[in-house]
Amino acid sequence: MKHTLVKLFSFAFLSFPNICLADTQNDKIKIETSLPYIKELVQQASCNSNSFATNSIISLGVDPHIFHMTPQNRLSIAKSKVIIFIGAGLEEWIQKIPKSETQIWLELSKDMKLKKLDPNSKHNHTHNHEHNEEDHNHEHRHLELDPHIWQSPKLTKLALKKISILLKDLKPSEAEVIEKCTQNYLSKIDGEVNLLKKEIQKIPEKQRILATNHDALGYFSDEFGFKILSITGVSDDSAPTSKDLKNIILNIKKENVKAIFLESTGNMRNIQSIAHETSIKIGGELYTDSLGKKGSNADTIIGMWQVNVKTILNALKN
Ligand SMILES: [Zn+2]
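Residues -22 to -1, 1 to 296, numbered by mature numbering (1 follows the signal peptide of the UniProt record, and there is no 0), are exactly what the sequence shown covers, in order.
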């Protein structure tokens, strides 16, 4: 009997190397994340450890505010051991999924000190339009707190630390390596942010104004020292009224704004019409709601901050 078993095992190993591969694959801890930003944090915290199979439901370059889940997404979440999401109402769809008792759900923004969003912001303004027919009877929950933590180096560091604690719990045998990877990435963030802050000093202080119709850059502005000039009342869906336009032009002139910015995931027809009306220049496109697509140089967290600072620098410095 023993002999037969040994024979069987050797047969399995020799003849079906794929089976062994498949087993290794199954040993991985499956981590589902809502955004590519979170997927990268898991990879950075663990130096891309083979022990974790990490996926992002939303792809690079996609606006998370208008995302609709597919049955495949549901299945992928159901099969995961760990689900990590931003929270603060950003991914309402993920919070509607029933949680299994064997799963771990981590809401990154929980216990973070989040900014309040302007009630007139785009996030609230276009909210009703973003619902399809099916959702129409659901209670409309507006975003009260700012979920754009990917624009904040400080909150990103907090998010990384939370993820790092979780990964160490999941894989104690790799705790030391994970701690090292986490510390390295924390230092990398500090180093890069210091360099970017030095670059921003090249913009005269009075010109450090970000004119935008979308308050996704609140954390970014606080930490990198910009003032936000909110072009409120302008949604992606409707043209500004002549009264709106008058106010916007007044503010832009009063503040002597040098440029206004487009966004990678927005419909920026109206920004273009404001630029036309005020003959102010368009300073380029900023990555606000999402990391950039592959090949954009903004497809990583630090890369996104670097590309945005470069765009702003080119537009606002003398
Ligand atoms: Zn947003």
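The beta carbon of each residue, even a glycine, is placed where N, CA and C say it ideally should be.
In this structure residue 137 is buried. Its beta-carbon is surrounded by 16 or more other beta-carbon atoms within 10 angstroms. Looking at the DSSP output, residue 32 shares a beta bridge with 9. Those residues that bring their Cβ nearer than 5 Å to a heavy atom of ligand 1 are 194 and 267. Of 183, 265, 152 and 88, the smallest CA-CA separation from residue 242 is found for 265. In this structure, the alpha-carbon of residue 13 lies about 38 Å from that of residue 221. When C-beta atoms of the segment 177 to 190 are compared with those of the segment 47 to 55, fewer than three pairs fall below 8 Å, so the two segments do not count as touching.
When DSSP states are grouped into helix, strand and coil, residue 143 belongs to the helix group. Contact check for residue 124 against residue 203 fails: the beta carbons are separated by 7 Å or more. Straight-line measurement puts the Cα of residue 190 at about 26 Å from the Cα of residue 86. Looking at the DSSP output, residue 94 sits in a beta bridge with 123. The closest CA to that of residue 192, considering only 205, 44 and 209, is found on 209. Per DSSP, the beta-bridge partners of residue 60 are 9 and 82.
When only Cα atoms are considered, residue 155 and residue 280 end up about 22 Å apart.
Pairing residue 31 with residue 159 gives a Cβ-Cβ distance that is not under 7 Å. For residue 293, there is no enclosing beta strand (DSSP E); the enclosing alpha helix (DSSP H) has its first and last residue at 279 to 294.
The three-state secondary structure of residue 264, taken from DSSP, is strand. Secondary structure of residue 239 (DSSP, three-state): strand. Distance check between residue 43 and each of 177, 275 and 66 places 66 closest, using alpha-carbon atoms only.
Counted as a single uninterrupted DSSP element, the stretch harbouring residue 75 is not any alpha helix (DSSP H), since DSSP gives it neither H nor E. Ranked by Cα distance from residue 262, the first of 271, 236 and 255 is 236. Remark: C-beta atoms of residue 135 and residue 167 approach each other more closely than 7 Å. Under the three-state reduction of DSSP output, residue 220 falls in the helix class. Where residue 209 is concerned, there is no enclosing alpha helix (DSSP H), because DSSP gives it neither an H nor an E.
Sequence-distant partners of residue 207 (beyond 5 residues in either direction) whose C-beta falls short of 8 Å from its own C-beta, in its chain, are 187, 188, 189, 190, 229, 230, 233 and 235. Per DSSP, the continuous alpha helix (DSSP H) segment holding residue 19 begins and ends at 14 to 23.
When DSSP states are grouped into helix, strand and coil, residue 137 belongs to the helix group. Between the beta-carbon of residue 95 and that of residue 122 there is about 6 Å, and that keeps the pair under the 8 Å contact cut. Note on geometry: alpha-carbon atoms of residue 80 and residue 41 lie some 30 Å from one another.
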